[in-house]
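Student: Heads up, the sequence shown is in my numbering, so the first residue is 747 and it goes up one at a time. Sharing a structure with you now.
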Amino acid sequence: MTDEAILVTGAAGFIGSHYVRTLLADGSGPGHKAGTPRITVLDKMTYAGNPDNLAAVRDHPACTVVTGDICDAELVGELMSNHRYVVNFAAESHVDRSISGAADFMRTNVLGTHTLLDAALRADVRTFVQISTDEVYGSLTTGSWTETAPLLPNSPYAASKAAADLIALAYHRTHGLDVRITRGSNTYGHHQYPEKLIPLFVTQLLQGLKVPLYGDGLNVREWLHVDDHVRAVELVRTAGRPGEIYNVGGGTELTNRELTGRLLAACGAGWESVEQVTDRKGHDRRYSLDCTKIREELGYRPRTDFATGLAETVAWYRDNRRWWERTW
Ligand code: NAD
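Following this line, the structure appears as structure tokens:
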């Protein structure tokens, strides 16, 4: 194991697997010594963790995949001692599931993050990147949140992520651990488990089924392509500042109704395929991030045009039916 090795948790999921595939594909990961393991994936392989997401890197000499729980202090402690960096993607991530039962969210997102931080501190880890979300800020009608906006989470998912952020920052302020936090907006792209809006609607429409649109459909989300999200995470890991929070937005704000219209068009379906359903409990109305800080400090700008990214995402689900059919 090199001195520069990265422990990437939750990397059998959507964004984490993209991060690992990207680092290993472009060789930008630390080390560069052929045959030296540089990235260790730690993933519990929940319903959202899919080993197929790592198929492209499973046999890469720089990648090791460990199936395990970030709440397992013994395992985490053993792994941590061989790594200089941690990027924590592991989470229960679906808001609707947190409404029907939040116990796993508190366990993984709060206690699991604490377990990692504690082990990182003891192992003298150089940098710990905590992957957070814009949902910790709550909901707003006008303007955009900067990183100093108050944390006013509404869903149990968002509250568990906000708690993790506060614990991570406490480890920086109290112990001096180099913790950096990214708060990404709604992320889309290929390999996303078909429960979030875009992959759910696409896979339903591709089967000729109806899609459920919550309430009046006027909730606004800011869409971020997964390529841009992982590039921002890597910028923060390598060039960000200890103890700092960085918003990561995609720049495309759409109501769910507008997004549904685009998905219907991309899948060749009409509005008769849409079923208006009772709104999600406590449904946040609008999210919007001010990304001045990451733009000015780290030169981050989203590069993927939304129309192109969406078309490519729909095409991927059309061409990779076996991937998503196996998730049921
Ligand atoms: P995902 O649900 O696709 O993947 C989560 C991964 O974590 C899965 O592979 C799962 O097996 C693993 N996991 C769950 N519990 C675990 C545990 N106890 N121990 C080890 N592994 C465990 O999630 P995602 O969409 O890839 O999100 C990754 C991170 O990014 C999360 O922290 C999420 O809060 C954050 N985020 C997501 C979005 C988004 O739109 N998807 C936006 C902003 C931030």
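Glycine included, C-beta positions come from ideal geometry on N, C-alpha and C. In this text the structure is predicted, and so the values were computed from the model without any measurement.
1) Mark His-918 as exposed unless 16 or more other C-beta atoms lie within 10 angstroms of its C-beta, in which case mark it buried.
2) Taking all protein chains shown into account, decide if Glu-838 is buried (16 or more other Cβ within 10 angstroms of its Cβ) or exposed.
3) As an exercise, report each continuous alpha helix (DSSP H) stretch of at least 4 residues that is fully enclosed by the region 781–833, in chain order.
4) For Arg-1041 and Arg-853, I'd like the C-alpha separation in whole angstroms.
5) Who does His-764 pair with in a DSSP beta bridge?
6) Is it the case that the region 952–970 contacts the region 1002–1016, given that we only count it when at least three CB pairs across the two stretches are under 8 Å?
7) If Gly-935 and Thr-1054 are in contact, beta carbons under 8 Å, what's the gap, nearest whole angstrom?
8) Does the Cβ-Cβ distance between Gly-847 and Gly-795 come in under 8 Å?
9) State the beta-bridge partners of Asn-993 as determined by DSSP.
10) For my contact list, Phe-835 and Ala-757 are in at a C-beta cut-off of 8 Å; report their separation, rounded to the angstrom.
11) Return the CA-CA distance between Gln-950 and Lys-956, expressed in angstroms with no decimal places.
12) Report the three-state DSSP secondary structure of Lys-1058 (helix, strand or coil).
13) Return yes when the C-beta of Ser-844 is under 7 Å from any heavy atom of the ligand NAD, and no when it is not.
14) Considering Cα atoms alone, identify which of Arg-977, Leu-1009, Ala-985 is closest to Asp-995.
Tutor: Let's see:
1) The residue given as residue 918 occupies position 172 in the sequence shown. Classification of His-918: buried, given that the 10 Å Cβ count is 16 or more.
2) Numbered from 1 along the sequence shown, position 92 holds the residue referred to as residue 838. The residue in question, Glu-838, is buried, as its Cβ has 16 or more Cβ neighbours within 10 Å.
3) 819–826
4) As a position in the sequence shown, residue 1041 is number 295, starting the count at 1. As a position in the sequence shown, residue 853 is number 107, starting the count at 1. Arg-1041 and Arg-853: Cα-Cα distance of roughly 34 Å.
5) Here residue 764 corresponds to residue number 18 of the sequence shown, with the count starting at 1. Beta-bridge pairing links His-764 to no other residue.
6) yes
7) In the sequence shown, counting from the first residue as 1, residue 935 sits at position 189. In the sequence shown, counting from the first residue as 1, residue 1054 sits at position 308. Contact flag wrong, Cβ pair sits at about 12 Å.
8) Residue numbering aside, residue 847 sits at position 101 when the sequence shown is read from its first letter. Residue numbering aside, residue 795 sits at position 49 when the sequence shown is read from its first letter. No, these two residues do not count as a Cβ contact at 8 Å.
9) As a working mapping, residue 993 is identified with position 247 in the sequence shown. Paired residue(s): Arg-929.
10) One-based indexing of the sequence shown puts residue 835 at position 89. One-based indexing of the sequence shown puts residue 757 at position 11. Their Cβ separation, rounded to whole angstroms, is 6 Å, which keeps Phe-835 and Ala-757 in contact under 8 Å.
11) Taking the sequence shown and counting its residues from 1, the one referred to as residue 950 is at position 204. Taking the sequence shown and counting its residues from 1, the one referred to as residue 956 is at position 210. Using only the alpha carbons, I get a separation of about 6 Å.
12) Here residue 1058 corresponds to residue number 312 of the sequence shown, with the count starting at 1. It is worth fixing the name first, because residue 1058 is Glu in this sequence and not Lys. Here Glu-1058 sits in helix by DSSP.
13) Here residue 844 is taken as the residue at index 98 of the sequence shown, counted from 1. No, since every heavy atom of the ligand NAD falls outside the 7 Å radius drawn around the Cβ of Ser-844.
14) For the purposes of this step, residue 995 is identified with residue 249 of the sequence shown, where counting begins at 1. Residue identity differs from the one stated: residue 995 is Gly in this sequence, not Asp. Nearest C-alpha to Gly-995: Arg-977.
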